[in-house]
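Taking it in order: structure first as structure tokens, then the write-up.
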């Protein structure tokens, strides 16, 4: 895992260098075995849109690196707030399962959303408490997967 992260950091930094983008990875963080967050430092003369424009090509470059480790990368998700960075799917994601006790003790019309990135507790949403929800994201970020999972739970 550590070798994969080092290889991906080098790939991201080299890609930025070849594209003339003044940015570099300053920290890599494994978040709950769910995704890897690469914190970026962007030079003052550079804007976020220069990184955003090259995400598809960067995704291809990371796929090449991961193929050497026999793992896949899904679409990169840029994060802007509170820190600037990139989130890449974890090569061995943690399975999310409801226990029988959790499923029977949860209110009716509730849906499992996932694990909290802060305290790793299961996140549940109740349609009785929240009748309206907006799900937004860039193409390929998993909106349909999230909706399917919510409906199935």
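Numbering (my numbering), first residue to last: 1462 to 1614. Even for Gly, the Cβ is constructed at its ideal location relative to N, Cα and C.
Quick one: grab the DSSP three-state call for residue i.
i, result
"residue 1565", "helix"
"residue 1496", "strand"
"residue 1468", "helix"
"residue 1474", "helix"
"residue 1521", "helix"
"residue 1510", "helix"
"residue 1594", "coil"
Taking a contact to mean a Cβ-Cβ separation below 7 angstroms, would you say residue i touches residue j in this structure?
i, j, result
"residue 1567", "residue 1585", "yes"
"residue 1526", "residue 1479", "no"
"residue 1501", "residue 1486", "yes"
"residue 1572", "residue 1611", "yes"
Within a Cβ cutoff of 6 angstroms, which residues of the same chain sit near residue i, ignoring the five residues on either side of it in sequence?
i, result
"residue 1589", "1570"
"residue 1616", "With the chain covering only 1462 through 1614, there is no way to say anything about residue 1616."
Which same chain residues end up closer than 8 angstroms to residue i when comparing Cβ atoms and leaving out the 5 residues on each side of it in sequence?
i, result
"residue 1613", "none"
Who are the Cβ neighbours of residue i in its own chain at under 7 angstroms, not counting the five residues just before and after it?
i, result
"residue 1507", "1482, 1483, 1484"
"residue 1546", "1498, 1499, 1500, 1501, 1540"
Looking only at C-alpha atoms, which of the options sits nearest to residue i?
i, options, result
"residue 1554", "1495, 1464, 1488", "1495"
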